[in-house]
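Reviewing the structure listed below.
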Amino acid sequence: MGQSPAQYQNVVNKTAAQVHAGYPKTAFCRFAYNSRFEIDMPGASFLTPKQRKVSWMTIVPLSRVGKDLACYHSRCQWQKRVLSGPVCCTLRNARYKKIEGDLHNRLPVVPMLKQWRGDREFGKVSRQHETGECGVLRDDKVIEPPDSFKGTVGRAYLYLHDLYDIGLTDSERELFTKWHQTYPPESWEKTWDMQIGIKQGKHNPYIYRGKENRRQGEQVSFKK
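Numbering-wise (the working numbering), the sequence shown opens with residue -12 and increments by one.
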């Protein structure tokens, strides 16, 4: 029968947790969590008990990948159950499923921030914006990470665009390249990339090669 979309998500999240085992802290807020993925820090006192359970967030939202796919807007059947929306793409579209399961695109976060983000892309917010917890900003269209995670976000977008052609605009590519160059990978990010390379067989070259820029026309290598 194969895996259900929910089972697939559980496997991906479990593997994501394994590659983060060496740095058990949430993205953006950097809250430490225990082996039960529970946050217990004085600085996290604003979180309710339910919000202290770590959630997993895709850096590039899957809505970007699925919005132009018929499966994203249709119904499908699995084991006599009628499903709809993104789960149909998990079942029917191999490219969507690969992006959904790519560990380079998945980070542990505080659930409240994941909900606050919604389906917004990462980018540079306008002057009219809201300030959330941990230095995260948002406006009507995009969400902007704190400086400490701009490099990580930029490298994920550039990696997914090179490997899966997610259709970055010129302005997006320019912004994410700037973030990548301005905020080079920290030690935790390099370790994270190495663990992902072991698990899924490919690195993010923007992390693996550090701050070094690729020459024009140079082939990207996703393997060690």
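Cβ coordinates follow ideal geometry from the N, Cα and C atoms, glycine included.
- In the DSSP assignment, Thr35 falls outside any beta strand (DSSP E), carrying neither H nor E.
- Secondary-structure assignment with DSSP links Trp43 through a beta bridge to Pro95.
- With fewer than 16 other Cβ atoms from the protein chains shown falling within 10 Å of its own Cβ, Arg82 counts as exposed.
- When secondary structure is reduced to three states using DSSP, Phe15 falls in the coil class, being assigned neither helix nor strand.
- Judged by DSSP in its simplified three-state form, Tyr10 adopts coil rather than helix or strand.
- The three-state secondary structure of Ser135, taken from DSSP, is helix.
- Ile185 counts as exposed, since fewer than 16 other C-beta atoms from the protein chains shown sit within 10 angstroms of its C-beta.
- Between Leu124 and Val112 the beta-carbon gap is near 5 Å, inside 8 Å, which marks them as a contact.
- Listed as beta-bridge partners of Thr118 by DSSP are Leu124.
- The continuous beta strand (DSSP E) containing Ser71 extends over residues 68 to 71.
- For Gln64, there is no enclosing alpha helix (DSSP H); the enclosing beta strand (DSSP E) has its first and last residue at 62 to 65.
- Pairing Gly88 with Val(-1) gives a Cβ-Cβ distance under 8 Å.
- Annotation for Tyr195: the continuous alpha helix (DSSP H) segment containing it runs 192 to 195.
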